[in-house]
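Chains as they are written, first to last, in the numbering used here: chain A, 1012 to 1195; chain B, 2 to 566. All residues carry an ideal CB built from backbone N, CA and C; glycine is no exception.
Structure, rendered in structure tokens:
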């Protein structure tokens, strides 16, 4: 028993050196050789540096809206809503979001609203919106910014991401930065 | 949607293409045959054996294996408790996160040494980087421990009479250095090139396009995520785990991380086939596991793609299925596939919030953990399946009137008693725990209002899920549960402890006892254990013991919720 205990201590110490220090150090060193140097992907738009993959709050009419977030886009405390599918409070919140969408898009029929536009993402930081969610917002953004419908649609197309397999999605950070760059 | 389904099929095919050669590689490692990584890792292993003074040739009996395992785990618990309760003043704490309270540290320490990774804290605010790196250490060595003990059982199953076989410490070191370390490095590098951060700087502050000032948590994420996926650990660096865009930034990383969940548990079955030279047995076990996996996975994907019926009633479109708690870049099919991969193995990482799954999908994730042997955790998944084999051998033996034998060894009363106790432990822990929690809550719903994030049937499911996850050493959660309270921390801690070590002790004892018995060569009268008939028998035992004992509880939770829409 005593012999096993010494062995346990020695092995744990060696494991700490190997898997907490050496492994982590190796991965950190390799990270320095990657394009973003282990700092995640950042882009600078009009002097503002933002994280391409961290969803931000976009709720003004001149931007494409990001998906709802249960934590108000807090990137230092991310979380989902964890609401069950039948929770009455949750369903009321979704209904309220539908009403907001309809109020800001008077041209829209309810059947055209995709559910991802009114449901909170898993992390609360989803940087993407669906093609359907983008499509319903094009007219609003175009009007607000005094751009043509086609010009805004082209930017939506430009912000599309996908790998051939899996879903095709619109990066809402990219899309809104493109809009801001066009303005200037 | 078609390309999303295609993505899921691709992940499954890739999984097998990788697991088969990995299984062969692991068999070589554990039998001291040469592999192409020897040049790099032989010196490392030799150095560890030398410093720790491990006598490589010294074989152990089953009691010594267990003593070694339990002692080293006790040692880990003490160290984990110390680090977690003292993080605030220890180095590597750029965000100034606090130390854990006693009950939370108790829960977290047990959670990580038992390979569960149940998290009653959020990574961003609950631990320092030193804390994360310490937890990362347990992710390696608890997984290494699981692999080592499964291999001990493989060696015990050989066709000879033996009292001692293999050296636990050697198997443990080799599991860590030869399997987990190289695989983790590969996965970590793939993640790095897909923009997963790896930095020791604290929170960053950025100003968003709309003018909001936002704090962004970062850290040494890539290395952590790699091992949490591979070692069926599942503890996220950030609160939302692999749903977080910095842990799992795109569909490619999602493919890699999903495959990593099941890779080693599946490959270990092939390893057994090689070590025992019984490939057919390995394939028949994989067959049963895969059928079970499909039975859970396919309906879950269908349910999630179909969407939430309650949302459909509101008259909006659900072109991407049920999206609450999901990330668009993965989509419903890949999220559902992950949900079943992570619950059938004891991983517990998530890329979508399980609390928000549609009712029946929630039930399938629960069932995955209740069975806990369709692939299962690294090492322990096989041990759970081993118990079901023993039960099936005994029952079939009774049915056809033959002496129950498994791989040439007679199964007698002693082995059966142990197998029964272990098989019943899992339902006992889950149902008793849930019953106590429900009792406490129901008698004072106002005092415990913070426990449940959802009312009604779903609230019950939250409690049932927490105990199921603890007992399956899974670690995922219906995270709406307000679980950082002394009750949940201590109750789940105790359940995780019992559910980790007893189901290791049981099978190792059975295998040890069988190994010492006389080997009876196969004859015409032997019950063959690698046939489809026997596989069906094992499946029936799993369905009866594991699934049916939980049916009443499932009726009160997800099934009732399904019918309430």
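Listed by chain order, chain A residues near residue i by CB distance under 8 Å
i: residue 253/B; result: 1174
i: residue 396/B; result: The premise fails here: residue 396/B is roughly 38 Å from chain A at the closest Cβ pair, so nothing lies under 8 Å.
i: residue 565/B; result: 1097
i: residue 125/B; result: 1087, 1088, 1089
Nearest candidate by alpha-carbon position, reference residue i, set the options
i: residue 1174/A; options: 296/B, 5/B, 37/B, 451/B; result: 5/B
i: residue 1148/A; options: 1118/A, 1134/A, 1132/A, 1135/A; result: 1118/A
i: residue 265/B; options: 255/B, 291/B, 232/B; result: 232/B
i: residue 1141/A; options: 410/B, 320/B, 502/B; result: 320/B
i: residue 532/B; options: 402/B, 164/B, 397/B, 543/B; result: 397/B
i: residue 226/B; options: 247/B, 307/B, 209/B, 212/B; result: 247/B
i: residue 554/B; options: 432/B, 381/B, 28/B, 37/B; result: 432/B
i: residue 567/B; options: 461/B, 547/B, 418/B; result: Only positions 2 to 566 of chain B appear in the structure, and residue 567/B is not among them; the question remains open.
i: residue 496/B; options: 476/B, 95/B, 514/B, 375/B; result: 476/B
i: residue 1191/A; options: 30/B, 209/B, 257/B; result: 209/B
i: residue 328/B; options: 1130/A, 1103/A, 1161/A; result: 1130/A
i: residue 24/B; options: 102/B, 275/B, 323/B; result: 275/B
i: residue 135/B; options: 1017/A, 1103/A, 1030/A; result: 1030/A
i: residue 267/B; options: 526/B, 345/B, 182/B; result: 345/B
i: residue 402/B; options: 519/B, 221/B, 526/B, 255/B; result: 526/B
Inter-residue Cα distance where the pair is residue i and residue j
i: residue 390/B; j: residue 545/B; result: 13 Å
i: residue 447/B; j: residue 486/B; result: 15 Å
i: residue 249/B; j: residue 237/B; result: 11 Å
i: residue 1026/A; j: residue 1077/A; result: 44 Å
i: residue 110/B; j: residue 517/B; result: 36 Å
i: residue 278/B; j: residue 140/B; result: 31 Å
i: residue 108/B; j: residue 1121/A; result: 47 Å
i: residue 305/B; j: residue 541/B; result: 28 Å
i: residue 335/B; j: residue 1012/A; result: 48 Å
i: residue 1184/A; j: residue 458/B; result: 38 Å
i: residue 203/B; j: residue 1050/A; result: 11 Å
i: residue 1172/A; j: residue 1188/A; result: 15 Å
i: residue 400/B; j: residue 549/B; result: 21 Å
i: residue 474/B; j: residue 230/B; result: 14 Å
i: residue 299/B; j: residue 337/B; result: 9 Å
i: residue 385/B; j: residue 43/B; result: 32 Å
Burial state of residue i, where buried means 16 or more other Cβ atoms lie within 10 Å
i: residue 22/B; result: exposed
i: residue 66/B; result: buried
i: residue 339/B; result: buried
i: residue 292/B; result: exposed
i: residue 92/B; result: exposed
i: residue 410/B; result: buried
i: residue 1057/A; result: exposed
i: residue 440/B; result: exposed
i: residue 528/B; result: buried
i: residue 97/B; result: exposed
i: residue 405/B; result: buried
i: residue 2/B; result: exposed
i: residue 133/B; result: buried
i: residue 484/B; result: buried
i: residue 177/B; result: buried
i: residue 1032/A; result: exposed
i: residue 452/B; result: buried
Listed by chain order, chain B residues near residue i by CB distance under 8 Å
i: residue 1157/A; result: In chain order: nothing, as chain B lies at least about 18 Å away.
i: residue 1149/A; result: The contacting residues do not exist; residue 1149/A stays about 17 Å from chain B at best.
Proximal residues of chain B, C-beta to C-beta of residue i below 9 Å
i: residue 1068/A; result: 209, 211, 213, 215
i: residue 1143/A; result: 318, 320, 321
i: residue 1123/A; result: 317, 318
Residue i: contacting residues in chain A (beta-carbon distance under 7 Å)
i: residue 250/B; result: 1064
i: residue 324/B; result: 1126, 1127, 1130
i: residue 456/B; result: 1098
i: residue 353/B; result: 1133
Per-residue contacts from residue i into chain A (C-beta, under 9 Å)
i: residue 356/B; result: 1091, 1092, 1093, 1094, 1095
i: residue 8/B; result: 1174, 1176, 1177, 1178
Contact list for residue i against chain B, beta-carbon separation under 7 Å
i: residue 1052/A; result: 196
i: residue 1039/A; result: 199, 221
i: residue 1117/A; result: Near residue 1117/A there are no residues of chain B at all, since even the closest Cβ is about 17 Å away, more than 7 Å.
What runs of the beta strand (DSSP E), each 3 residues or longer, lie entirely inside the segment 1073 to 1152 of chain A? none
**Study point:** Ranges of the alpha helix (DSSP H) found wholly within the segment 376 to 451 of chain B, counting only runs of at least 4
**Key:** 381 to 401, 414 to 444
Review point. Mind pulling the alpha helix (DSSP H) runs of 4 or more residues that sit fully within the segment 129 to 161 of chain B?
Key: 130 to 157
Requested in this report: Write down every uninterrupted run of the alpha helix (DSSP H) in the segment 460 to 484 of chain B whose length is 4 residues or greater and which is fully enclosed by it, in chain order.
Outcome: none
Exercise. Pick out the complete alpha helix (DSSP H) segments inside the segment 505 to 551 of chain B, 4 residues or longer, and give them in chain order.
Key: 533 to 542
Run through the segment 270 to 315 of chain B for me and flag every whole alpha helix (DSSP H) of 4 or more residues, listed as ranges in chain order.
280 to 307, 310 to 313
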